[in-house]
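Student: For reference, the structure I am asking about is given below.
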Amino acid sequence: MAIPYQITSLEQYHRDYKKSVEDPEGFWSNIASQFLWKKKWDNVLSWNFKEPNVKWFAGGKLNITENCLDRHIANLGDSPAIIWEPNDPNEATRTLTYSDLLFKVKQFSNVLKNNGVKKGDRVCIYMGMVPELAIAVLACARLGAIHSVVFGGFSAQSISDRLQDAQARFVITCDGAFRGNKEIPLKSVIDDALERCPFVERVIVLTRTKTPVSMIRNRDVWWEDEIRKVEQQGNPDFPAEEMDAEDMLFILYTSGSTGKPKGVVHTCAGYMVYTNYTFVNVFQYKPGNIHFCTADIGWITGHSYIVYGPLSAGATSLMFEGIPTWPDAGRFWDIVDKYKVNILYTAPTAIRSLMSYGTEPVLSRDLSSLKVLGTVGEPINEEAWHWYDEFVGKKKCPVVDTWWQTETAGIMISNLAGVTPSKPSFATLPLPGVQPALIDEKGKEIQGNGVSGNLCLKFPWPGMLRTTYGDHERCRLNYFATYDDLYFTGDGCLRDENGYYRITGRVDDVLNVSGHRIGTAEVENAINMHSGVVESAVVGYPHDIKGQGIYAYVICGQEPEDVELMRKDISSTVARIIGAIAKPDKIQFVRGLPKTRSGKIMRRILRKIAEGEMKNIGDTTTLLDPAVVEDIKNGKV
Ligand code: PRX
Numbered sequence: 012m013a014i015p016y017q018i019t020s021l022e023q024y025h026r027d028y029k030k031s032v033e034d035p036e037g038f039w040s041n042i043a044s045q046f047l048w049k050k051k052w053d054n055v056l057s058w059n060f061k062e063p064n065v066k067w068f069a070g071g072k073l074n075i076t077e078n079c080l081d082r083h084i085a086n087l088g089d090s091p092a093i094i095w096e097p098n099d100p101n102e103a104t105r106t107l108t109y110s111d112l113l114f115k116v117k118q119f120s121n122v123l124k125n126n127g128v129k130k131g132d133r134v135c136i137y138m139g140m141v142p143e144l145a146i147a148v149l150a151c152a153r154l155g156a157i158h159s160v161v162f163g164g165f166s167a168q169s170i171s172d173r174l175q176d177a178q179a180r181f182v183i184t185c186d187g188a189f190r191g192n193k194e195i196p197l198k199s200v201i202d203d204a205l206e207r208c209p210f211v212e213r214v215i216v217l218t219r220t221k222t223p224v225s226m227i228r229n230r231d232v233w234w235e236d237e238i239r240k241v242e243q244q245g246n247p248d249f250p251a252e253e254m255d256a257e258d259m260l261f262i263l264y265t266s267g268s269t270g271k272p273k274g275v276v277h278t279c280a281g282y283m284v285y286t287n288y289t290f291v292n293v294f295q296y297k298p299g300n301i302h303f304c305t306a307d308i309g310w311i312t313g314h315s316y317i318v319y320g321p322l323s324a325g326a327t328s329l330m331f332e333g334i335p336t337w338p339d340a341g342r343f344w345d346i347v348d349k350y351k352v353n354i355l356y357t358a359p360t361a362i363r364s365l366m367s368y369g370t371e372p373v374l375s376r377d378l379s380s381l382k383v384l385g386t387v388g389e390p391i392n393e394e395a396w397h398w399y400d401e402f403v404g405k406k407k408c409p410v411v412d413t414w415w416q417t418e419t420a421g422i423m424i425s426n427l428a429g430v431t432p433s434k435p436s437f438a439t440l441p442l443p444g445v446q447p448a449l450i451d452e453k454g455k456e457i458q459g460n461g462v463s464g465n466l467c468l469k470f471p472w473p474g475m476l477r478t479t480y481g482d483h484e485r486c487r488l489n490y491f492a493t494y495d496d497l498y499f500t501g502d503g504c505l506r507d508e509n510g511y512y513r514i515t516g517r518v519d520d521v522l523n524v525s526g527h528r529i530g531t532a533e534v535e536n537a538i539n540m541h542s543g544v545v546e547s548a549v550v551g552y553p554h555d556i557k558g559q560g561i562y563a564y565v566i567c568g569q570e571p572e573d574v575e576l577m578r579k580d581i582s583s584t585v586a587r588i589i590g591a592i593a594k595p596d597k598i599q600f601v602r603g604l605p606k607t608r609s610g611k612i613m614r615r616i617l618r619k620i621a622e623g624e625m626k627n628i629g630d631t632t633t634l635l636d637p638a639v640v641e642d643i644k645n646g647k648v
């Protein structure tokens with residue numbers, strides 16, 4: 012059956028876009044009415060960006076899991092909801108049909124209930140990419156608990172910060188996770204994190220790697236034992252909790268320009284409508300398509316385009332536990348071939364990494380099932396775009412370059428596969444409902460084409476963040492205070508002569524390393540935890556594979572005796588405080604940092620040097636000690 016709100020022609024895109032701007036309420040209520048509501052909304056939209064206060068579908072009652080699962084059972088009960096490919100290609104795969112998944116979600120909702128989890132409670136989920144991760148997420152949503160998934164690469168310290176911020180009394184984890192040839196001891200990381208979180212009452216542990224773990228009496232229980240108890244209760248049904256449209260669905264922590272990650276909050280109805288709408292339109296999903304999003308559910312891309320978007324559309328979502336280069340660089344292509352994947356959604360960093368292995372791995376596999384290719388997370392350079400288009404898509408698959416953020420919940424600017432034109436390295440046009448504006452240094456909107464500025468959004472869309480958990484003022488200051496009545500994205504952007512948008516990268520102190528968002532202040536704080544470090548400054552620099560690399564300038568109390576060892580010590584400090592993803596790629600020991608007389612570090616200068624730009628450093632006369640610049644130039648690593 013055709014999806015009534017799927018855009019199928021360029022003309023329709025323009026028509027729908029126009030309608031979404033002229034009558035946003037009519038536009039979105041038409042789409043929302045296609046979902047399953049326990050009670051219809053009273054009011055489509057109320058908003059102001061001052062506080063901010065945004066409400067979509069207020070008064071409506073629903074449960075997102077009924078829309079992702081129950082409503083599909085009649086027609087799609089036996090079709091696969093999740094296909095799981097393990098890290099090790101020799102291990103058996105798993106397929107969960109919609110009926111299986113609903114059954115397991117109900118079962119685990121009962122486990123949560125038996126363990127004291129109630130509506131509104133925060134549940135932290137720290138697991139590898141196994142189907143139970145999706146089950147845990149959906150079970151929270153069914154019960155009305157607020158999930159906060161933490162990516163498996165974060166350290167104990169990062170987890171305890173997040174647990175404390177969310178005041179989460181429940182944790183769901185695995186004994187360990189497989190990633191390539193590595194085994195990550197997740198439960199042991201949780202044990203370390205919980206030393207600082209005595210308020211955590213219950214840890215539910217799934218067996219995956221059979222890594223030895225310490226199970227603490229009265230706190231830790233095994234997933235499998237708890238399931239057995241529910242079976243002994245006769246697998247009682249678990250009716251989906253009635254949620255208000257604006258009840259919190261989840262918190263997802265993400266980095267900003269301060270040292271402390273913020274808990275981005277998304278609510279039930281708007282998130283559901285927006286992820287579904289963008290999924291079916293951007294990827295031009297057709298019933299029966301196999302959708303393979305290579306992200307981890309620990310990031311927003313996994314939330315929206317492995318779990319909620321595809322499942323709300325009744326699609327088959329392929330979930331992969333491993334990494335693209337293990338056991339070899341043909342892993343993605345083997346998976347595409349094996350399951351006849353139709354839609355492949357990955358990150359530029361993965362494409363660049365695979366490109367470095369040449370074309371043999373990709374040319375030796377049958378990729379003829381592919382219909383649509385997508386990228387997300389960072390700007391894609393033209394070379395990678397063309398490689399993806401030519402060798403993966405054989406020039407027959409539209410490539411969608413999707414720009415969005417944790418805060419936006421779903422895709423905001425992107426071509427619609429095969430429906431609107433593509434342009435290499437351009438995200439192209441805004442989706443219906445998305446009203447971008449480019450803003451100049453004076454805070455004024457720049458009109459016309461062939462211009463660039465800071466990317467803002469003028470009007471709310473259903474998926475936008477509502478607050479940052481526990482600190483609404485922070486949300487206001489971060490996103491709504493830079494410019495009046497605008498949401499500021501933190502990205503720089505240009506609009507070409509045809510009105511196509513190209514995201515040029517962050518204009519704030521946020522780095523995008525392999526598509527992972529990391530704040531420079533966060534990394535500096537972590538480096539400064541090392542007892543030998545006096546001060547540090549972190550900037551990004553262009554990196555062939557990662558997009559951006561982390562360059563750290565570090566002042567030590569005493570000149571390090573063994574420079575290499577000190578570098579390693581600092582890196583492991585960062586890994587311990589944040590996680591391995593934030594380890595600096597380059598560390599330069601310096602005697603001083605370029606500071607203004609008021610003590611502000613001139614990052615512009617450090618960025619130039621890190622980029623290898625030694626000549627056009629710009630004005631250094633305002634510096635307290637211009638001589639440090641020469642020193643730093645001479646010591647560049
Ligand atoms: O700088 C933009 C970049 O990633 C940032 C958002 O990161 P995060 O919240 O972790 O979400 C990533 C997955 C949606 C943005 O502010 N970004 C994301 N997609 C693109 C992009 N930059 C350029 N092109 C994109 N397609």
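Using this note's numbering, the letters of the sequence shown map in sequence onto residues 12 to 648.
Beta carbons are placed, not taken as given, at the ideal position from N, Cα and C, and that holds for glycine.
If you're wondering where the values come from, they're calculated on a predicted model, not measured in any experiment.
#1: Excluding the 5 residues preceding and the 5 following V214 in the sequence, name in chain order all residues of the same chain whose CB lies nearer than 7 Å to its CB.
#2: In three-state terms, what does DSSP make of A150?
#3: Could you tell me the distance, in whole angstroms, from the CA atom of G320 to the CA atom of C486?
#4: Can you determine whether any heavy atom of the ligand PRX sits closer than 6 Å to the C-beta of A420, and answer yes or no?
#5: Compute the minimum distance between the beta carbon of T439 and the heavy atoms of the ligand PRX, and state whether it is under 6 Å.
#6: For the candidate residues F68, H554, N246, S425, whose alpha-carbon lies nearest to that of V291?
#7: Along the chain, where does the alpha helix (DSSP H) containing F114 start, and where does it finish?
#8: Exposed or buried, T683, counting other C-beta atoms within 10 Å across all chains shown (16 or more means buried)?
#9: Check whether the region 330-349 touches the region 502-510, taking contact to mean three or more Cβ pairs, one atom from each stretch, closer than 8 Å.
#10: Taking 6 Å as the cut-off, does the CB of G388 come closer than this to any heavy atom belonging to the ligand PRX?
#11: Going by DSSP, name the residue or residues bridged to M254.
#12: Please determine if the region 551-566 and the region 584-604 are in contact, where contact requires at least 3 C-beta pairs separated by less than 8 Å.
#13: Assuming G503 contacts S525 (C-beta within less than 8 Å), just tell me the rounded distance between them.
#14: Short of 8 Å in beta carbon distance, which residues of its chain neighbour V601, apart from the five on each side in sequence? Order them along the chain.
#15: I'd like to check one pair, S323 with M283: are the Cβ atoms closer than 7 Å?
#16: Tell me which same chain residues have a C-beta within less than 6 Å of the C-beta of K115, skipping the five on either side of it?
#17: Can you find the residues in the same chain that come closer than 7 Å, C-beta to C-beta, to F119, ignoring five residues on each side of it along the sequence?
#18: Taking the continuous beta strand (DSSP E) assigned at A548, which residues delimit it?
#19: Check each candidate in R614, D176, E96, V403 and name the one with the smallest Cα separation from G481.
#20: Tell me the start and end of each unbroken beta strand (DSSP E) in the region 310-378 that is at least 3 residues and wholly inside, in chain order.
#21: With E281 as the anchor, note down where its alpha helix (DSSP H) starts and where it stops.
#22: Between the region 120-129 and the region 242-250, do at least 3 Cβ pairs fall closer than 8 Å?
#23: Cutting at 7 Å between CB atoms, please list the residues of its own chain near N287, excluding the five before and the five after it.
#24: Once DSSP output is grouped into helix, strand and coil, what is the label at Y28?
#25: What residue range is occupied by the uninterrupted alpha helix (DSSP H) comprising L197?
#26: Can you tell me which of the three DSSP states T417 falls into?
#27: DSSP three-state label for R173, please.
#28: Can the beta-carbon of K66 be found closer than 7 Å to that of K50?
#29: Is the region 216-223 touching the region 14-24, taking contact as three or more C-beta pairs under 8 Å?
#30: Which residues bound the beta strand (DSSP E) around Q599?
#31: Report yes or no: do three or more beta-carbon pairs, one from the region 123-133 and one from the region 86-98, lie closer than 8 Å?
#32: Hey, would you say A448 sits closer than 7 Å to K434, going by beta carbons?
#33: Alpha helix (DSSP H) containing L617: first to last residue?
#34: Give a single yes or no on whether T417 has its beta carbon closer than 6 Å to a heavy atom of the ligand SAM.
#35: Does DSSP classify K130 as helix, strand or coil?
#36: Nearest by alpha-carbon distance to M649: which of I514, H83, D580 is it?
Tutor: Quick answer:
#1: One-based indexing of the sequence shown puts residue 214 at position 203. Within the same chain, V214 has close Cβ partners V182, T184, I201, R230, D231.
#2: Taking the sequence shown and counting its residues from 1, one reaches residue 150 at position 139. Residue state, collapsed to three classes: helix.
#3: Position 309 of the sequence shown, counted from the first residue, corresponds to residue 320. Position 475 of the sequence shown, counted from the first residue, corresponds to residue 486. Going by the C-alpha atoms only, they are around 25 Å apart.
#4: The sequence position of residue 420 within the sequence shown is 409, counting from 1. Checking every heavy atom of the ligand PRX against the Cβ of A420, none is found closer than 6 Å.
#5: As a working note, residue 439 is residue 428 in the sequence shown. No, Cβ of T439 sits at least 6 Å from all heavy atoms of the ligand PRX.
#6: Your numbering for residue 291 matches position 280 in the sequence shown. Restricting attention to F68, H554, N246, S425, the CA atom closest to the CA of V291 is found in S425.
#7: Here residue 114 refers to the residue found at position 103 when the sequence shown is read from its first residue. Element bounds for F114: 109-125.
#8: Nothing about residue 683 can be read from this structure; the chain reaches only from 12 to 648.
#9: Counting Cβ pairs under 8 Å, fewer than three are found: no touch.
#10: The residue labelled residue 388 in the question sits at position 377 within the sequence shown. Checking every heavy atom of the ligand PRX against the Cβ of G388, one is found closer than 6 Å.
#11: On the sequence shown, position 243 is the one that residue 254 refers to. In the DSSP assignment, M254 is bridged to L73.
#12: These segments touch.
#13: Start at 1 with the first residue of the sequence shown, and residue 503 comes out as number 492. Start at 1 with the first residue of the sequence shown, and residue 525 comes out as number 514. That pair is no contact at about 20 Å.
#14: As a working note, residue 601 is residue 590 in the sequence shown. Closer than 8 Å at the Cβ level, and outside the excluded window around V601, lie Y564, V565, I566, V639, D642, I643, G646.
#15: Start at 1 with the first residue of the sequence shown, and residue 283 comes out as number 272. Start at 1 with the first residue of the sequence shown, and residue 323 comes out as number 312. Taking 7 Å as the Cβ cut-off, M283 and S323 qualify as a contacting pair.
#16: In the sequence shown, residue 115 corresponds to position 104, counting from 1. Listed in chain order, the non-local C-beta contacts of K115 below 6 Å within the same chain comprise I146, local neighbours out to five positions each way being set aside.
#17: Working through the sequence shown from its first residue, we reach residue 119 at position 108. Excluding residues within five positions, the ones whose Cβ falls inside 7 Å are I146, A147, A150.
#18: Translated into positions along the sequence shown, residue 548 becomes position 537. DSSP places A548 inside the beta strand (DSSP E), whose first and last residues are 544-554.
#19: As a position in the sequence shown, residue 481 is number 470, starting the count at 1. G481 has its Cα closest to that of D176, out of R614, D176, E96, V403.
#20: Qualifying beta strand (DSSP E) stretches, in chain order: 327-331, 354-357.
#21: Within the sequence shown, residue 281 is the residue found at index 270, counting from 1. Here residue 281 turns out to be Gly, not Glu, going by the sequence shown. First-last of the alpha helix (DSSP H) with G281: 279-293.
#22: The region 120-129, when compared against the region 242-250, does touch it at the 8 Å Cβ threshold.
#23: Here residue 287 is taken as the residue at index 276 of the sequence shown, counted from 1. For N287, where only same-chain residues beyond five positions count, the Cβ hits under 7 Å are G320, S323, A324.
#24: As a working note, residue 28 is residue 17 in the sequence shown. Here DSSP, grouped into helix, strand and coil, assigns Y28 to helix.
#25: Taking the first residue of the sequence shown as position 1, residue 197 is located at position 186. DSSP places L197 inside the alpha helix (DSSP H), whose first and last residues are 197-205.
#26: Numbered from its first residue, the sequence shown carries residue 417 at position 406. Helix.
#27: Start at 1 with the first residue of the sequence shown, and residue 173 comes out as number 162. If DSSP states are grouped into helix, strand and coil, R173 belongs with the helices.
#28: Indexing the sequence shown from 1 puts residue 66 at position 55. Indexing the sequence shown from 1 puts residue 50 at position 39. Taking 7 Å as the Cβ cut-off, K66 and K50 do not qualify as a contacting pair.
#29: Taking one beta carbon from each stretch, the region 216-223 and the region 14-24 have fewer than 3 pairs nearer than 8 Å; the two do not touch.
#30: Along the sequence shown, read from residue 1 onward, the residue named residue 599 stands at position 588. Note, Q599: beta strand (DSSP E), 597-600.
#31: Output reads no: the region 86-98 does not touch the region 123-133.
#32: Here residue 448 is taken as the residue at index 437 of the sequence shown, counted from 1. Here residue 434 is taken as the residue at index 423 of the sequence shown, counted from 1. The answer is no: Cβ separation not under 7 Å.
#33: Within the sequence shown, the letter at position 606 stands for residue 617. Element bounds for L617: 614-621.
#34: Within the structure as shown, the ligand SAM is missing, the only ligands being the ligand PRX.
#35: Walking along the sequence shown from the start, residue 130 turns up at place 119. K130 carries a coil assignment under DSSP once its states are collapsed to helix, strand and coil.
#36: Since the first residue of the chain shown is 12 and the last is 648, residue 649 is not available in this structure.
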